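In our numbering, the protein residues as written are 17 to 267.
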């Protein structure tokens with residue numbers, strides 16, 4: 017039975033890795049939802065366990081994105097530094113919240129993101145620019161806000177940063193996802209450590225998920241670069257809606 021559980025976790029990890037590679041969020045959203053709905057884990061443990069998969073997946077996805085579309089250090093650094101600091105604060109806050117309250121908050125978080133992305137999808141699309149519309153101090157502000165949400169909900173801040181980078185900063189979807197991964201790596205790392213110290217991680221589930229994710233995430237990155245921009249945005253939006261609906265039935 018243990019072997020079957022491990023194999024199932026590896027297969028799920030492969031699916032999450034593919035989703036994460038194409039969506040730029042390491043598969044964490046779907047992992048958190050399914051760990052809570054299918055595995056019956058409390059929301060904090062589901063988030064902590066998903067992070068075991070996310071951290072190595074984000075490392076590999078970031079490398080793959082950088083190979084295909086070089087990530088500018090001057091843009092990534094303020095996002096990463098501020099994301100790290102505020103993710104630590106958010107994760108300390110998260111481990112003190114009861115599971116039901118956190119799950120309701122997570123659903124609300126996904127709903128807001130879904131609405132925001134839907135408005136972007138059907139509204140007037142901002143022009144993509146070769147240079148960022150705003151300089152590095154504003155990237156630091158975005159890193160702080162995204163890091164806080166990442167520490168609180170275990171999503172690495174990538175799902176917050178990606179739509180903001182495309183709509184306000186004028187980047188393409190692929191560039192935004194690469195920068196979001198640069199933000200997510202340090203913030204997910206410190207968040208995982210905080211959750212682990214407070215015993216909010218199921219390593220027996222998380223490690224097989226990580227192995228499966230590492231085996232498939234490169235393929236997901238290839239898919240992301242091959243897909244049309246509008247389709248990629250649409251799938252990202254649908255992904256958020258699906259996660260919100262699934263978890264809402266669990267509340």
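Backbone N, C-alpha and C define an ideal beta-carbon position, used for all residues, glycine too. The model shown is predicted, which means the values in this text are computed figures rather than measured ones.
Range covered by the alpha helix (DSSP H) that runs through residue i
{"i": "residue 268", "result": "Outside the shown range of the chain, which is 17 to 267, sits residue 268, and nothing can be said about it."}
{"i": "residue 54", "result": "It is not in any alpha helix (DSSP H) - residue 54 carries neither H nor E in the DSSP assignment."}
{"i": "residue 183", "result": "174–183"}
{"i": "residue 244", "result": "Unbroken run through residue 244: none, as it is neither H nor E."}
{"i": "residue 170", "result": "No alpha helix (DSSP H) holds residue 170; DSSP gives it neither H nor E."}
{"i": "residue 211", "result": "189–213"}
Presumed contact (8 Å Cβ cut-off) between residue i and residue j, rounded CB distance
{"i": "residue 74", "j": "residue 155", "result": "Not quite, the Cβ-Cβ distance comes to about 18 Å (not below 8 Å), so this is no contact."}
{"i": "residue 129", "j": "residue 159", "result": "Not really, about 17 Å apart at Cβ, beyond 8 Å."}
{"i": "residue 225", "j": "residue 49", "result": "Not really, about 13 Å apart at Cβ, beyond 8 Å."}
{"i": "residue 64", "j": "residue 170", "result": "7 Å"}
{"i": "residue 100", "j": "residue 163", "result": "7 Å"}
{"i": "residue 243", "j": "residue 53", "result": "In fact, because the Cβ distance is near 27 Å, the residues do not count as touching under 8 Å."}
{"i": "residue 228", "j": "residue 26", "result": "4 Å"}
{"i": "residue 167", "j": "residue 110", "result": "6 Å"}
Proximal residues to residue i (C-beta, below 7 Å), its chain only, five neighbours per side dropped
{"i": "residue 230", "result": "33, 72, 73 and 76"}
{"i": "residue 46", "result": "32, 35 and 259"}
{"i": "residue 264", "result": "123"}
{"i": "residue 127", "result": "260"}
{"i": "residue 223", "result": "68"}
{"i": "residue 214", "result": "111"}
{"i": "residue 94", "result": "152, 155, 156 and 159"}
{"i": "residue 180", "result": "158"}
{"i": "residue 98", "result": "156, 159, 160 and 163"}
Cβ shell of residue i (< 8 Å), same chain only, five flanking positions each side left out
{"i": "residue 194", "result": "40, 78, 81, 82, 85 and 87"}
{"i": "residue 217", "result": "61, 64, 65, 67, 68, 208 and 211"}
{"i": "residue 30", "result": "228, 229, 231 and 232"}
Neighbourhood of residue i by C-beta distance below 6 Å, restricted to the same chain and skipping five residues each side
{"i": "residue 248", "result": "189"}
{"i": "residue 42", "result": "Low confidence applies to residue 42: its pLDDT is 47, below 50, so where it sits in the model is not reliable, and the reading given next is rough at best. Excluding residues within five positions, the ones whose Cβ falls inside 6 Å are 36, 70, 73 and 74."}
Enumerate, from N- to C-terminal direction, the unbroken alpha helix (DSSP H) stretches of 4 or more residues contained entirely within the region 86–134. 89–110
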